[in-house]
Amino acid sequence: MASNVEIKSRCRDCARQTSLAEELADDIPQQLQQEDTFFCVPTGRLKLREFTDGSGELIQYERADAGEPTESQYVLAPTDDPLAMKAALTNALGVRAVVRKQRTVYLVGQTRVHFDCVENLGEFIELEVVLAPGQSFAEGAEIAADLMKQLEIDERDLVESAYVDLLE
Numbered sequence: 056m057a058s059n060v061e062i063k064s065r066c067r068d069c070a071r072q073t074s075l076a077e078e079l080a081d082d083i084p085q086q087l088q089q090e091d092t093f094f095c096v097p098t099g100r101l102k103l104r105e106f107t108d109g110s111g112e113l114i115q116y117e118r119a120d121a122g123e124p125t126e127s128q129y130v131l132a133p134t135d136d137p138l139a140m141k142a143a144l145t146n147a148l149g150v151r152a153v154v155r156k157q158r159t160v161y162l163v164g165q166t167r168v169h170f171d172c173v174e175n176l177g178e179f180i181e182l183e184v185v186l187a188p189g190q191s192f193a194e195g196a197e198i199a200a201d202l203m204k205q206l207e208i209d210e211r212d213l214v215e216s217a218y219v220d221l222l223e
């Protein structure tokens with residue numbers, strides 16, 4: 056399983072924080088429109104992410120809900136036919152919820168910085184420090200904490216739950 060260190064925060068001053076991310080970023084940002092269908096599973100979370108180009112990816116992940124840097128372990132399975140996969144998973148497991156968002160992704164070193172506008176929830180910043188093989192959670196948490204300072208993310212704005220949980 057791959058793993059990363061994540062934080063999620065409400066966006067206090069998106070214009071300023073986006074400007075700070077642009078200064079730190081390795082390249083121009085990627086603009087994405089995503090629809091995540093979450094399925095009913097006994098443990099962890101299982102979602103099918105659909106992209107506007109017709110592709111998708113099935114993502115199973117385990118992450119504790121915490122308002123601090125948290126380790127997430129995940130398995131990613133790309134698909135060229137997300138509609139058929141969604142139909143099969145819906146029939147087998149049932150749909151828990153659907154999350155729709157506009158996402159702007161900046162790459163800062165080994166970290167994906169997401170600015171998300173989530174339908175019915177508002178604006179958020181998400182940091183995903185992608186851990187290299189053998190890299191510790193502590194190292195990833197230190198990178199996340201440093202980026203939180205650079206992006207002026209206040210600990211009081213941290214969000215414990217996934218978007219799907221906030222919608223319920």
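In my numbering, the protein residues as written are 56 to 223.
A virtual CB, placed ideally from N, CA and C, is assigned to each residue, including glycine.
Start and end residues, beta strand (DSSP E) containing L182: Counting along the chain, the beta strand (DSSP E) containing L182 begins and ends at 177-185.
Where Q88 falls, given that 16 or more other Cβ within 10 Å makes a residue buried: Classification for Q88: exposed.
Distance CB(V185)-CB(N59) smaller than 9 Å: In contact: V185 and N59 (Cβ atoms closer than 9 Å).
Nearest neighbour of Y116, chosen from K102, A152, R211 [CA to CA]: Scanning K102, A152, R211 for the CA closest to the CA of Y116 turns up K102.
Boundaries (first-last residue) of the beta strand (DSSP E) holding P137: No beta strand (DSSP E) holds P137; the alpha helix (DSSP H) holding it covers 137-148.
Separation of K156 from R67, as counted between CA atoms: C-alpha separation (whole angstroms): 18 Å.
Burial state of P224, where buried means 16 or more other Cβ atoms lie within 10 Å: This structure cannot speak to residue 224, because the chain is shown only from 56 to 223.
At least 3 beta-carbon pairs within less than 8 Å: the segment 190-209 vs the segment 81-97: Counting Cβ pairs under 8 Å, fewer than three are found: no touch.
Rounded separation between G149 and G164 - CA only: Roughly 38 Å between the two C-alpha positions.
Touch test, the segment 134-146 against the segment 94-114, Cβ-Cβ under 8 Å, three pairs minimum: Output reads yes: the segment 94-114 touches the segment 134-146.
Sequence-distant residues of its chain with Cβ nearer than 7 Å to A200 (five each side left out): Correct list, in chain order: P124.
Beta-carbon proximity list for C95, same chain, < 6 Å, skipping 5 on both sides: Counting only Cβ-Cβ distances below 6 Å, and skipping sequence neighbours, we find L148, G149, R151.
Spatial distance of F93 from G99 (CA atoms): Distance between the alpha carbons of F93 and G99 is about 11 Å.
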